[in-house]
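Numbering (our numbering), first residue to last: 907 to 1379.
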Amino acid sequence: MKKTEDIQKDLIYSRKNFWKEFSQEKDEAYELCDEYKQFLDECKTERECTDFYQKKLQNMGYTELKDGVTGKKYFRTSRCKNVAIAQKGKLPVSAGVNLIVSHIDAPRVDFKQSPLAQDSASGLGIIKTHYYGGIKKYQWMSTPLAIHGVIIRQDGTKVNICLGEDENDPVFVMPDLLPHLAKKVQYTEKLATAVKAEHMQIVFNSIPYIDSEDKEVKDAVKLNALILLNEKYGICEEDFLSAELEIVPAGKARDAGLDRSMVMAYGQDDRICAFTSARAITDITAEDFQKTAIVFLADKEEIGSEGNSGAKSIFIIDFIADLLAASGEKNDSVTLRKTLLNSQILSADVNAAINPNYPTVHEKQNAVHLGCGVGIAKYTGSGGKGGSNDANAEFNAHVFKIFNEGGVCWQSGALGKVDEGGGGTIAKFMAEYGADVIDCGPGVLGMHSLYELTSKADIYSSYKAYKVFFLKG
Ligand code: MN
Ligand code: MN
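Written as C-alpha cells, this is what we have:
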C-alpha cells in the first residue's frame, strides 16, 4: 500500500518555497541582488538604462549591429530608449529565435513642457507636472523626489540632468495638505481623486531675484530659478519645450525585511526583468545553446507600448531582419515572417504577489506568492481575458518542462481575482508576429508605488528561468 504522503506528493500540485527547497542557492541569490540594487540606483529612467547597457555591452565585446558587421554577439539601441541584445546560437536565425522582452520605463511624473511658474498665492517657484503611467497620485505627495532627464537644445546639444540623488544634492517635494485642513478638499473625496493631477506641483525655489536698483520685478522667484538654471546648465526657458524631465523618488534601493530577503526600490516594474534577462543573455556562451537568443528592453509599456520606442514599433523586427543578414541568411519579408512564426517569446514583466494587507483581491490558489519563484501567467487582461495574449497550453507545458529540467523555482499565477481589475503586458503585441508568447516574471508587492517590494528568491529565480529559456528553450 502506498502511503498517503506519497500519493499526495505524486498527485497534488503545490508551488515550491524557494527558501525551503532551493536554500543552497541563497548566497547566490543575495549576491545577484547586490548587483541588481546597484543597477536600480544607476538606472531610474529608460534613457539611463539604455546608456547603462550600451556602455556595458561595448565593454563586454558586443558589436553594434550595423551593415557589414559579423560576429556572434550584437546589440543595438534606438532613440536612446530601446536596447536589443543578441547572441547567435548554433542553429540558423531563421530556425526561430528565443526572445525575452521587458520594459525599462516606469510610472513617474514628468515636467510639463512649459513647467516653470511662480505661484501667485504662495509666491513660491513651482514646476508644473503631468504624470506618466498608472500611479496612485497621493503616494507622490510629501516624499523626497529627484529630477532625471535631458534637455535638447535646438542646435542638437544635450544637457543631462540628474538632481536629487547625491547626498549633497537638494531634493524636491510636492507638499501634501495638512490633516487639519484636509476635511473638505481631500477627506470627502474618493482615494483616486483626493489628490488631483494639477495638485502635483513641485516647489522648485523660493528666493526672489532682487533688482540692483530695487525696482519691482514681476515673477522674481521664477526669474531667479531661470538665472540659476542658466548658470548651472546654460539653458533658458524655451529649452524646456524640448526637454524630457522625469520626477522619480530620490534615494537608493534597499534590502528589506529583518532577514534581508527582499528588495525595496522604485522602478522594479519592470527593471527587475530588464536586469535579470540582460544578465542571463550575457552569462551564456554560444557553444551552449541552439536558437539565437535575444533580449529586448522596450520603452513606453506603461502607456500602452505606443510610440517609436514602444514595443509596438518595428524596432525589434528590424533588428531580427538585420541579424538574419549578418548571419548570411536571406532576410526578405517571407523569411523574416517565418523566423518570427518559429520563435518563442517570454514577455518578462512583473505580476501581483499576494499582499498581506489586501488578500481579498487575490485568489490564493491562482496567485503568485512572494518567495515562491518566477511567476508564469498564461493570460492577463480584464473582463473575461480581454486584451490578453492567452498562451497556448502546448507552450505552457514546454516552458514548465524546461524550467523543471533546469532546476528553476517557478509558480503559475494570474493577476488578481476574476473581475477584480486587471492589466496587460507586452505579450499580446509580441504575439502579433505569430510566435509563441507567455508572461513570465516575478511577483511584486505595492506595484507602481514609489517603493515596490520584491523577493530576492524571485529575482534570482527569474534570472535562472531566463537563462534556462535561452539554453534549453
Ligand atoms: Mn510592467
Ligand atoms: Mn507596470
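All C-beta atoms, glycine included, are put in the ideal place defined by N, C-alpha and C.
Q) Would you say P1155 touches ligand 2, meaning its beta carbon is less than 8 Å from a heavy atom? A) Locating residue 1155 in the sequence shown gives position 249, where the first residue counts as 1. No - ligand 2 has no heavy atom lying nearer than 8 Å to the Cβ of P1155.
Q: Report yes or no: do the segment 1327-1335 and the segment 1301-1317 share at least 3 C-beta pairs separated by less than 8 Å?
A: no
Q: Using three-state DSSP, classify V884 as helix, strand or coil.
A: An answer regarding residue 884 cannot be provided, because it is not within the stretch 907 to 1379 covered by the chain.
(Q) Measuring CB atoms only, is the segment 1222-1238 touching the segment 1035-1051, in the sense that at least three cross pairs come out at less than 8 Å? (A) no
Q: Would you kindly report the start and end of the unbroken alpha helix (DSSP H) that includes L1129?
A: Position 223 of the sequence shown, counting from 1, holds the residue named residue 1129. From DSSP, the alpha helix (DSSP H) with L1129 extends over A1126 to Y1139.
Q. Which residues share a DSSP beta bridge with Y980?
A. Counting from one through the sequence shown, the residue named residue 980 turns up at place 74. In DSSP, Y980 forms a bridge with T969 and A992.
Q. Should the segment 985-993 be regarded as contacting the segment 1206-1215, the criterion being three or more beta carbon pairs within less than 8 Å?
A. yes
Q. Who are M1168's beta bridge partners in DSSP?
A. Stepping through the sequence shown from its first residue, residue 1168 is reached at position 262. A1162 and S1361, per the DSSP bridge assignment.
Q: Tell me whether the beta-carbon of F1376 lies closer than 9 Å to the beta-carbon of I1187.
A: Here residue 1376 is taken as the residue at index 470 of the sequence shown, counted from 1. Here residue 1187 is taken as the residue at index 281 of the sequence shown, counted from 1. Yes, these two residues count as a Cβ contact at 9 Å.
Q. What does a CB cutoff of less than 8 Å around S1131 pick up in its chain, not counting 5 residues either side in sequence?
A. As a first step, residue 1131 must be located in the sequence shown, where it is residue number 225. Strictly speaking, residue 1131 in this sequence is Ala, with Ser absent from that position. Answer for A1131: L1022, G1031, F1110 and N1111, listed in chain order.
Q) Among Y1372, F1146 and S1288, which residue has its Cα nearest to the Cα of I1308? A) Numbered from 1 along the sequence shown, position 402 holds the residue referred to as residue 1308. Among Y1372, F1146 and S1288, the Cα nearest to that of I1308 is on Y1372.
Q. What's the gap between the Cα of E1137 and the Cα of E1071?
A. Working through the sequence shown from its first residue, we reach residue 1137 at position 231. Working through the sequence shown from its first residue, we reach residue 1071 at position 165. About 20 Å.
Q.
Check for me: the alpha helix (DSSP H) holding S1183 runs from which residue to which?
A. Residue mapping note: residue 1183 aligns to position 277 of the sequence shown, counting from 1. Unbroken alpha helix (DSSP H) run through S1183: Q1174 to D1189.
**Q.** Beta carbon nearer than 6 Å to a non-hydrogen atom of ligand 2
**A.** D1175, E1208 and H1354
Q) Can you name, in chain order, every residue of its own chain whose Cβ lies under 8 Å from the Cβ of L1097, other than the five neighbours on each side? A) Position 191 of the sequence shown, counting from 1, holds the residue named residue 1097. Result list for L1097: K1042 and Y1044, in chain order.
Q.
When you measure from the CB of V1256 to every non-hydrogen atom of ligand 1, does any distance come out below 8 Å?
A. Translated into the one-based positions of the sequence shown, residue 1256 becomes position 350. Within the cutoff, so yes.
Q | Presumed contact (8 Å Cβ cut-off) between S1367 and V1314, rounded CB distance | A | As a first step, residue 1367 must be located in the sequence shown, where it is residue number 461. As a first step, residue 1314 must be located in the sequence shown, where it is residue number 408. That belief holds up - the Cβ atoms of S1367 and V1314 are roughly 6 Å apart, short of 8 Å.
**Q.** Inter-residue Cα distance where the pair is K909 and V1274
**A.** Counting from 1 along the sequence shown, the entry for residue 909 is found at position 3. Counting from 1 along the sequence shown, the entry for residue 1274 is found at position 368. So the alpha carbons of these two residues sit roughly 30 Å apart.
Q. What residue does the beta strand (DSSP E) around L1203 start on, and which one ends it?
A. Here residue 1203 is taken as the residue at index 297 of the sequence shown, counted from 1. Residues T1198 to A1204.
(Q) Quick test of your reading: H1009 and D1224, contact by CB under 8 Å. State the CB separation rounded to the nearest angstrom. (A) Taking the first residue of the sequence shown as 1, we reach residue 1009 at position 103. Taking the first residue of the sequence shown as 1, we reach residue 1224 at position 318. So it is not a contact: roughly 18 Å between Cβ atoms.
Q: With DSSP as the reference, please indicate the residues paired to P1155 in a beta bridge.
A: Position 249 of the sequence shown, counting from 1, holds the residue named residue 1155. Bridge partners of P1155: L1051.
Q: Give the range of the beta strand (DSSP E) segment to which N1066 is assigned.
A: As a first step, residue 1066 must be located in the sequence shown, where it is residue number 160. Note, N1066: beta strand (DSSP E), K1064 to L1069.
Q. Cα-Cα, which of N1298, G1319 and D1161 is closest to E937?
A. On the sequence shown, position 31 is the one that residue 937 refers to. Among N1298, G1319 and D1161, the Cα nearest to that of E937 belongs to D1161.
Q: Please name the residue, chosen from D1364, Q960 and G1062, that lies closest to S1167 on a Cα-to-Cα basis.
A: Taking the sequence shown and counting its residues from 1, the one referred to as residue 1167 is at position 261. Nearest of D1364, Q960 and G1062 to S1167, Cα basis: D1364.
Q.
With a threshold of 8 Å (Cβ to nearest heavy atom), would T850 be considered close to ligand 1?
A. Since the first residue of the chain shown is 907 and the last is 1379, residue 850 is not available in this structure.
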